[in-house]
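K.L.:
Residue numbers (our numbering): 952 to 1137.
(1) Is the beta carbon of residue 1086 sitting closer than 8 Å to the one on residue 1131?
(2) Could you tell me the distance, in whole angstroms, from the CA atom of residue 1051 to the CA atom of residue 1095?
(3) Buried or exposed: which applies to residue 954, given that a residue is buried once 16 or more other Cβ atoms fall within 10 Å of its Cβ?
(4) Out of curiosity, what's the CA-to-CA distance linking residue 1135 and residue 1092?
(5) Quick one: measure Cβ to Cβ for residue 978 and residue 1005, integer angstroms, because I've assumed they're closer than 8 Å.
(6) Taking the C-alpha atoms as reference points, what is the distance between residue 1082 and residue 1055?
(7) For residue 1050, report the span of its alpha helix (DSSP H) as first-last.
(8) Per DSSP, what kind of secondary structure is residue 1086 in: helix, strand or coil?
(9) To the nearest angstrom, how far is it from the Cα of residue 1129 to the Cα of residue 996?
(10) Cβ of residue 962 within 8 Å of Cβ of residue 1012?
(11) Going by DSSP, what residues sit across from residue 976 in a beta bridge?
(12) Taking the beta carbon of residue 1110 as the centre, do at least 16 other beta carbons fall within 10 Å, making it buried, or is it exposed?
(13) What is the DSSP secondary structure of residue 1135, reduced to helix, strand or coil?
(14) Within 10 Å of its beta-carbon, does residue 1069 have 16 or more other beta-carbons around it, so buried, or fewer, so exposed?
(15) Tell me, please, whether the CB atom of residue 1053 is closer than 8 Å to any CB atom in chain C?
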């Protein structure tokens, strides 16, 4: 999930990826019909102290709110499937492979820099010195995999998983935990 304020257009952009789970909530009235008289509240956590009719922001769309044009309300831009052809994005004969290679180069460089700054030589009881927030999504799975490339064999990395509390289900059956375990196995 993300929230981004674009200063130049005085707009707030927000959304959730299709795989994300309960990572962004909004007050129900704002989503259905934006009104200057009501509060606009968006959060990563629904507070039970505030009774405003929280609703989980639907995944798979990009939303924007232009603060100069409140009367237009919240604009929704659904993600399309295969609407953008890769050949339309590639410029100057740069291949998709070169983009991905460059991305992986900089990602590896960034992760290597961070991992190398952690002193693992004083770790006497194999206590994890590195922790990675791990929901099982492709982003954290890739980061954990690359981090392991720069560690000594036998080094321990703690995969930290946070799941949302629901009194009707145990934490162990939360979708983030299940995704995390499945990604770890792969």
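Heads up, the beta-carbon is just placed ideally off N, CA and C, and yes, glycines get one too.
P.N.:
Considering the structure as presented:
(1) Going by C-beta atoms, residue 1086 is nearer than 8 Å to residue 1131.
(2) Whole-angstrom Cα-Cα distance: 18 Å.
(3) exposed
(4) 8 Å
(5) In this structure residue 978 touches residue 1005 by the C-beta definition: roughly 6 Å separates them, less than 8 Å.
(6) C-alpha separation (whole angstroms): 21 Å.
(7) 1047-1067
(8) Residue 1086 falls in the coil class under three-state DSSP.
(9) 21 Å
(10) no
(11) 994, 1007
(12) buried
(13) helix
(14) exposed
(15) The structure shown has no chain C; it contains just one protein chain.
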